[in-house]
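Residue numbers (my numbering), protein chains in the order written: chain A, 295 to 380; chain B, 624 to 901; chain C, 5 to 296. Beta carbons: idealized from backbone N, C-alpha and C, even for Gly. On a predicted model such as this, the values are computed, not experimentally measured, just so you know.
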Amino acid sequence: MTRQNATQLDTAPLSEEENEKKPTTTQERQGFLPIETNAFDRCFISVVIWVAMSLFWFRFIEPMGASIWISNVIALAIAVHIVRKG
Amino acid sequence: MKKRNPLLITLFWVLVSLLTLFPIYWLFVISVKPAVQLFSTPDVIVSNPYWGNYTDVLGNRLLRSYMVNSMVISTGNAVLCTVLGFFTCYALSRFQFRGKESIFFWTITNRMAPPAVFLLPLFLLMTQVYRVEDFTLLDTRIGMILVYCTFNLPFAIWTLRPTIDAIPRELDEAAYVDGASPWKVITEIVFPLCRPGLAVTLILTWVFAWNEYLLAATLTNFEARTLTTGLSEYVTTTGTEWGIMATISVFTLIPALIVFGLVQKHIVAGLTFGAVKG
Amino acid sequence: MQSNKLGWILLAPTLVILFFFGVLPFLYVVFVSFHQWNPFAASPEMIFNGAENFRRIVFDDAFLSSLGVTVAFVVFAVLSELIIGYLLAQAFMKEFPGKSIFRTIHTLPLIMAPIIVGSVWKLMTTPSIGIIPHYLDEWFGITMNIGTSAPAAFLTIVIMDIWHWTPLVTLTLIAALVSLPRDPFEQAQIDGANKAQTFWHITLPMITPALVATIFIRLMDALRTVDEVWMLTGGGPGSSTRFLGVHIFKEVFPKTNYGYGSTISVIVLYLTIVVCWLLYVSMLAPRKNRKG
């Protein structure tokens with residue numbers, strides 16, 4: 295019976311050691327955002343910004359006549375920027 | 624550091640304790656008063672307790688069935704969560720697979736989600752989607768047991784993880800070398816060593832399930848209603864039966880008080896996801 | 005490979021249950037939030053209506069006032085709990101007789117069901133039977149009626165929350181204070197630092213991690229307070245104590261407006277996640293900077 299063993303007991307999620315072990319999946323880096331982020335974090339931040347922007351747009355800008363799609367395009371641009379450079 | 628009179632500090636803490644205990648004591652006072660005495664001058668000392676409310680509650684068939692439901696649901700849920708939590712932690716602690724820390728982290732996010740948000744989707748899923756012919760999970764004990772897993776199972780995993788991680792791997796390996804089956808290793812070697820941690824988890828999950836109100840109020844109608852929902856049924860805008868309400872509260876409180884002594888040391892660690900050792 | 009299969013078998017039940025009762029409801033509520041769906045209305049079918057619900061929610065006064073009340077409550081309650089909890093924790097650091105008994109008594113509210121806390125405080129504060137309004141009236145001539153006065157109801161709920169949850173803050177801060185090293189304090193005393201200076205420059209930076217963790221947990225719990233409020237005031241009088249959770253509970257089910265109700269749920273979840281995530285990041289950030 296083959297049994298693979300972890301070399302250490304990792305208790306804290308997202309710990310530094312964990313990330314070094316699996317560089318392909320959760321690689322963290324320091325971009326222009328104030329924190330180190332991995333791919334998932336950057337997508338998450340983008341979605342959060344998109345939702346916040348859309349709600350803001352609905353409340354204040356759409357009544358003035360600007361379509362929500364403008365907001366979506368801007369949010370998409372921000373998202374691309376964050377995912378690539380964040 | 625200034626040396627203050629320890630007596631003064633003791634006095635201060637007596638005061639704080641009184642503030643803590645008085646509301647609970649007042650609950651008891653209301654529960655042993657007949658309805659007519661409630662609205663006169665509030666007496667703090669009970670001279671001749673009236674047990675009519677207690678006999679009323681115990682004599683009420685509906686409330687008795689609520690108690691049984693509460694008991695069955697919380698016990699079933701606590702056992703299920705502890706066992707599954709134990710298996711999960713064993714798997715997370717002893718096996719290597721991709722993304723296992725993500726799984727661990729993901730389970731805990733389930734616990735953090737506000738239950739009010741999940742009321743509607745759970746209600747809709749349980750009535751419309753999770754159904755076999757006419758059988759739905761809504762208003763069944765098994766349904767409630769499974770629903771409570773959303774907050775208790777992550778809790779069990781979170782509290783059991785350090786316990787199982789602390790058991791040396793060499794013990795399992797020695798047993799495997801001796802030709803024991805995995806099942807035997809888990810039940811006869813790891814399980815006995817985890818007993819204290821399992822007991823604390825069992826008790827705390829039991830208390831959390833027993834205390835739950837919001838999900839039970841929405842996802843049950845009649846058959847599987849729990850004692851906490853029974854309590855809210857006695858609060859109406861027209862006329863609340865204060866004595867009965869206080870008595871049901873006492874009945875709901877008692878089990879928590881009984882186990883309180885056992886888990887007192889662990890409750891802070893439990894409520895802070897182990898961030899703080901109490 | 006055989007052993008890894010065993011690992012997955014052990015994980016499977018947990019993953020299945022959490023998938024069906026955690027992930028799927030989340031996806032489902034997001035899905036429904038883009039639809040118009042009221043099974044008891046003129047058109048009971050589920051109709052896709054794009055972002056209409058979200059367009060409606062940002063102008064929904066009932067929802068926005070509920071949001072405001074929730075924020076006010078969370079700020080008041082959590083701040084008071086932190087201050088009172090810190091003072092109690094400091095009072096606990098001295099030696100005095102009966103320490104463990106007082107600690108046990110202080111922990112007691114933590115194990116009580118929220119709904120019981122609500123019922124306890126209802127019995128304390130309801131005008132006709134409660135002891136607090138009675139003596140406020142008799143001794144100070146103050147009329148307190150949580151059924152009609154919005155400030156009284158709000159204040160009662162804050163006090164109830166303080167009563168219920170301050171012990172948690174106290175105990176976590178005791179744990180933090182006990183583990184502090186003694187040397188900096190002795191040094192500060194030699195240097196002649198006063199109490200405020202010692203607190204700001206020595207105690208506070210050292211207990212910050214514990215403090216942030218405590219705020220994180222308290223904030224999460226305060227944001228989802230429903231049971232006790234539902235029991236105590238039912239969200240009233242008016243909508244003065246109608247917190248987000250109570251709003252969902254009260255608004256969605258009686259009106260069976262499932263589509264719009266899902267939208268409210270999604271927004272509440274969104275706000276909770278953002279708040280938690282910000283706190284989580286602030287908890288993690290200092291740790292990372294130190295390492296890097």
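For chain C, find out if any of its Cβ atoms is closer than 8 Å to the Cβ of residue i; answer yes or no.
{"i": "Trp640 of chain B", "result": "It is Ser, not Trp, that sits at residue 640 of chain B in the sequence shown. Output row for Ser640 of chain B: interface = yes."}
{"i": "Leu885 of chain B", "result": "no"}
{"i": "Val374 of chain A", "result": "no"}
{"i": "Thr319 of chain A", "result": "Confidence is the limiting factor: at Thr319 of chain A the pLDDT is only 46, short of 50, which leaves the residue's position unreliable, though a coordinate-based value still follows. False, the Cβ-Cβ gap to chain C never drops below 8 Å."}
{"i": "Ala369 of chain A", "result": "no"}
{"i": "Met735 of chain B", "result": "yes"}
{"i": "Asn700 of chain B", "result": "no"}
{"i": "Phe326 of chain A", "result": "no"}
{"i": "Lys316 of chain A", "result": "Caution is warranted here: a pLDDT of 40 is assigned to Lys316 of chain A, below 50, making its placement in the model unreliable, and the coordinate value is therefore given only provisionally. It does not; no Cβ of chain C falls within 8 Å."}
{"i": "Ser348 of chain A", "result": "yes"}
{"i": "Met767 of chain B", "result": "no"}
{"i": "Val345 of chain A", "result": "yes"}
{"i": "Ile364 of chain A", "result": "no"}
{"i": "Arg353 of chain A", "result": "yes"}
{"i": "Val377 of chain A", "result": "no"}
{"i": "Ala869 of chain B", "result": "yes"}
{"i": "Ala739 of chain B", "result": "yes"}
Return no unless some Cβ of chain B is closer than 8 Å to the Cβ of residue i.
{"i": "Trp167 of chain C", "result": "yes"}
{"i": "Met128 of chain C", "result": "yes"}
{"i": "Gly89 of chain C", "result": "no"}
{"i": "Glu85 of chain C", "result": "no"}
{"i": "Lys98 of chain C", "result": "yes"}
{"i": "Tyr264 of chain C", "result": "no"}
{"i": "His138 of chain C", "result": "yes"}
{"i": "Val285 of chain C", "result": "no"}
{"i": "Thr18 of chain C", "result": "yes"}
{"i": "Met210 of chain C", "result": "no"}
{"i": "Ala118 of chain C", "result": "Residue identity differs from the one stated: residue 118 of chain C is Pro in this sequence, not Ala. Chain B, which has a Cβ nearer than 8 Å to the Cβ of Pro118 of chain C, makes this yes."}
{"i": "Trp204 of chain C", "result": "no"}
Could you please give me the residues that DSSP links to residue i through a beta bridge?
{"i": "Phe52 of chain C", "result": "C:His39"}
{"i": "Phe758 of chain B", "result": "B:Val755"}
{"i": "Arg323 of chain A", "result": "A:Thr331"}
Since residue i and residue j are thought to touch, with beta carbons under 8 Å apart, how far apart are those beta carbons, to the nearest angstrom?
{"i": "Val270 of chain C", "j": "Phe247 of chain C", "result": "Actually they do not touch by this definition, with Cβ atoms about 17 Å apart."}
{"i": "Ala789 of chain B", "j": "Ile812 of chain B", "result": "Not quite, the Cβ-Cβ distance comes to about 14 Å (not below 8 Å), so this is no contact."}
{"i": "Ala879 of chain B", "j": "Ile696 of chain B", "result": "Going by Cβ atoms, the distance from Ala879 of chain B to Ile696 of chain B rounds to 15 Å, so no, they are not a contact pair."}
{"i": "Leu854 of chain B", "j": "Thr875 of chain B", "result": "6 Å"}
{"i": "Ile890 of chain B", "j": "Leu114 of chain C", "result": "6 Å"}
{"i": "Gly263 of chain C", "j": "Pro737 of chain B", "result": "Not really, about 20 Å apart at Cβ, beyond 8 Å."}
{"i": "Val36 of chain C", "j": "Leu747 of chain B", "result": "7 Å"}
{"i": "Ala179 of chain C", "j": "Ala217 of chain C", "result": "Contact doesn't hold; Cβ gap of about 10 Å is too wide."}
{"i": "Trp781 of chain B", "j": "Met128 of chain C", "result": "Not a contact, Cβ separation roughly 34 Å."}
{"i": "Tyr836 of chain B", "j": "Ile119 of chain C", "result": "4 Å"}
{"i": "Gly820 of chain B", "j": "Leu783 of chain B", "result": "6 Å"}
{"i": "Glu330 of chain A", "j": "Arg323 of chain A", "result": "6 Å"}
{"i": "Glu85 of chain C", "j": "Trp12 of chain C", "result": "Rounded, the Cβ-Cβ distance is 43 Å, inconsistent with contact."}
Closer than 8 Å, CB to CB, is residue i near chain A or not?
{"i": "Phe58 of chain C", "result": "yes"}
{"i": "Tyr274 of chain C", "result": "yes"}
{"i": "Ala217 of chain C", "result": "no"}
{"i": "Ala180 of chain C", "result": "no"}
{"i": "Leu22 of chain C", "result": "no"}
{"i": "Ala154 of chain C", "result": "no"}
{"i": "Val82 of chain C", "result": "no"}
{"i": "Ala55 of chain C", "result": "yes"}
{"i": "Val278 of chain C", "result": "yes"}
{"i": "Val173 of chain C", "result": "no"}
Using a Cβ-Cβ distance under 8 Å, would residue i count as near chain D?
{"i": "Leu707 of chain B", "result": "Reference to chain D is not applicable here, since the protein chains of this structure are A, B and C."}
Where are the alpha helix (DSSP H) runs, 4 residues long or more, that stay fully inside the segment 787-860 of chain B, in chain order?
Those alpha helix (DSSP H) runs which fall completely within the segment 787-860 of chain B and span 4+ residues are 792-800, 814-834, 837-842 and 850-856.
Would you be able to state if there are at least three C-beta pairs under 8 Å between the segment 122-140 of chain C and the segment 635-644 of chain B?
Under the Cβ criterion (8 Å, minimum of three pairs), the segment 635-644 of chain B does not count as touching the segment 122-140 of chain C.
Restricting to runs no shorter than 4 residues, where is the alpha helix (DSSP H) found entirely within the segment 113-174 of chain C?
As far as the segment 113-174 of chain C is concerned, its whole alpha helix (DSSP H) runs of at least 4 residues are 118-129 and 135-139.
Any chance the segment 770-780 of chain B sits against the segment 728-745 of chain B, with 3 or more Cβ pairs inside 8 Å?
Segments in contact, yes.
Could you say if the segment 232-248 of chain C and the segment 150-160 of chain C meet the contact criterion of at least three C-beta pairs nearer than 8 Å?
Contact check between the segment 232-248 of chain C and the segment 150-160 of chain C: three or more CB pairs, one atom from each, fall below 8 Å, which counts as touching.
contact_flag[the segment 173-180 of chain C, the segment 84-99 of chain C] where n(CB pairs < 8 Å) is 3 or more
Contact holds between the segment 173-180 of chain C and the segment 84-99 of chain C, because three or more Cβ pairs, one in each stretch, are under 8 Å apart.
Report the residue ranges of all alpha helix (DSSP H) runs contained in full by the segment 182-232 of chain C; include only those spanning at least 4 residues, in chain order.
Unbroken alpha helix (DSSP H) runs of no fewer than 4 residues, entirely contained in the segment 182-232 of chain C, are found at 187-194, 199-202 and 208-227, following chain order.
At which residue ranges does the segment 660-687 of chain B contain complete alpha helix (DSSP H) runs of 4 or more residues, listed in the order of the chain?
Secondary structure remark: continuous alpha helix (DSSP H) runs of at least 4 residues inside the segment 660-687 of chain B, in chain order: 675-682.
Between the segment 812-821 of chain B and the segment 741-761 of chain B, do three or more beta carbon pairs fall short of 8 Å?
Short answer: they don't touch.
Can you confirm whether the segment 191-200 of chain C touches the segment 79-87 of chain C when touching is taken to mean that 3 or more C-beta pairs between the two stretches lie within less than 8 Å?
These segments do not touch.
Unbroken stretches of the alpha helix (DSSP H), 4 residues or longer, contained in the segment 683-753 of chain B:
You should have 684-717, 723-735 and 738-747.
If you pair each beta-carbon of the segment 707-727 of chain B with each one of the segment 11-29 of chain C, do three or more pairs fall below 8 Å?
Three or more beta-carbon pairs separated by less than 8 Å link the segment 707-727 of chain B to the segment 11-29 of chain C, which places the two stretches in contact.
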